[in-house]
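Engineer: Before we start, here is the structure in question, set down as structure tokens.
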Amino acid sequence: MALYLGVSPAFVHSVEIGRRKLTATSLLPLLPLLRHLPPADTADAAPSSPTPVTPISAAPPPGLPAPEAAELDFRRRVCRQQAAKVARELAALEARARVAAHWAEALPALREAAAAVPPDPDNPDHAAWLLGWLTRQARPLPAAAATRWHLLRARAAALAAEQAALSGAQ
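Residue numbers (my numbering): 1182 to 1351.
Spelled out as structure tokens, the structure:
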């Protein structure tokens, strides 16, 4: 860009980050290119406004040839396999969460029972080890597990939607 405008790369960088403005002489080479840009819409001029998402039409555009059934079928099978894998991961994560909840629920009673056992003279460290082991077993799942659960649910929904869309495309 600097070569095209006839300025230094540092000047272009300063313009890009908003530190400097284009001068009239550096703007002249850009004028022919401006004619090819779409007109600026003042309603969408705010840079902080999100880009609107256009809804996907169910009907293909006119003139579009029929899709290749084999390719759509292959992608549908891939989605089915990925959905099965995501379902297995979700089931495993949910099982881990249930186990963690059961341990957390049972921990007070288990600690009480462990404290009631008389100390073993042959193994005096056993009681401390048992309490530590119980505490480690009852650790709650990390927040990353909850995040993973939400991401897996979103992925499962996306794969189901893709399978449905591919089924209707034939």
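For each residue, glycine too, the CB sits at the ideal point set by N, CA and C.
1) Distance, Cα to Cα, ALA1264 vs PRO1243?
2) Out of HIS1194, ALA1247, HIS1307 and GLY1313, which has the shortest C-alpha to C-alpha gap to GLY1349?
3) Buried or exposed for VAL1298, going by 16 or more other Cβ atoms inside 10 Å?
4) Closer than 8 Å by C-beta to ALA1327: which residues in its own chain qualify, once you throw out the five before and the five after it? Chain order, please.
5) Rounding to the nearest angstrom, what Cα-Cα distance links LEU1322 and PHE1192 in this structure?
6) So the alpha helix (DSSP H) HIS1307 belongs to, where does it begin and stop?
7) Taking the alpha helix (DSSP H) that LEU1214 belongs to, which residues open and close that run?
8) Inspect the beta-carbon positions of PRO1210 and LEU1186 and report whether they are closer than 8 Å.
9) Looking only at its own chain, which residues have a Cβ that is under 6 Å from the Cβ of LEU1271, when we skip the five neighbours before and after it?
10) Return the Cβ separation of VAL1267 and LEU1340 in integer angstroms, given the expectation that the two are a contact with Cβ distance under 8 Å.
11) Can you tell me whether VAL1298 is helix, strand or coil according to DSSP?
12) Going by CA-CA distance only, name the one from VAL1188, LEU1245 and GLY1199 that's closest to ALA1205.
13) Got a sec, what are the start and stop residues for the alpha helix (DSSP H) LEU1340 sits in?
Structural biologist: In short:
1) Taking the first residue of the sequence shown as position 1, residue 1264 is located at position 83. Taking the first residue of the sequence shown as position 1, residue 1243 is located at position 62. Separation of ALA1264 and PRO1243 (C-alpha to C-alpha, rounded to the nearest whole angstrom) is 32 Å.
2) As a first step, residue 1349 is located in the sequence shown; it is residue number 168 there, counting from the start. Nearest of HIS1194, ALA1247, HIS1307 and GLY1313 to GLY1349, Cα basis: ALA1247.
3) Looking up residue 1298 in the sequence shown gives position 117. Classification of VAL1298: exposed, given that the 10 Å Cβ count is below 16.
4) In the sequence shown, counting from the first residue as 1, residue 1327 sits at position 146. A distance below 8 Å between beta-carbons, with the five flanking residues on each side excluded, links ALA1327 to no residue of its chain.
5) Your numbering for residue 1322 matches position 141 in the sequence shown. Your numbering for residue 1192 matches position 11 in the sequence shown. In this model, LEU1322 and PHE1192 are separated by some 52 Å (Cα to Cα).
6) In the sequence shown, the residue the question calls residue 1307 occupies position 126. First-last of the alpha helix (DSSP H) with HIS1307: 1307-1318.
7) Within the sequence shown, residue 1214 is the residue found at index 33, counting from 1. Annotation for LEU1214: the continuous alpha helix (DSSP H) segment containing it runs 1212-1215.
8) For the purposes of this step, residue 1210 is taken as the residue at position 29 of the sequence shown. For the purposes of this step, residue 1186 is taken as the residue at position 5 of the sequence shown. Result yes, Cβ atoms of PRO1210 and LEU1186 sit closer than 8 Å.
9) On the sequence shown, residue 1271 is found 90 positions in, with the first residue counted as 1. So the list reads LEU1333, once near-sequence residues are dropped.
10) On the sequence shown, residue 1267 is found 86 positions in, with the first residue counted as 1. On the sequence shown, residue 1340 is found 159 positions in, with the first residue counted as 1. With 8 Å as the limit, VAL1267 and LEU1340 qualify as a contact, their Cβ atoms being about 7 Å apart.
11) The residue given as residue 1298 occupies position 117 in the sequence shown. VAL1298: coil per DSSP, three-state reduction.
12) Taking the first residue of the sequence shown as 1, we reach residue 1205 at position 24. It is VAL1188.
13) The residue labelled residue 1340 in the question sits at position 159 within the sequence shown. The continuous alpha helix (DSSP H) containing LEU1340 extends over residues 1324-1349.
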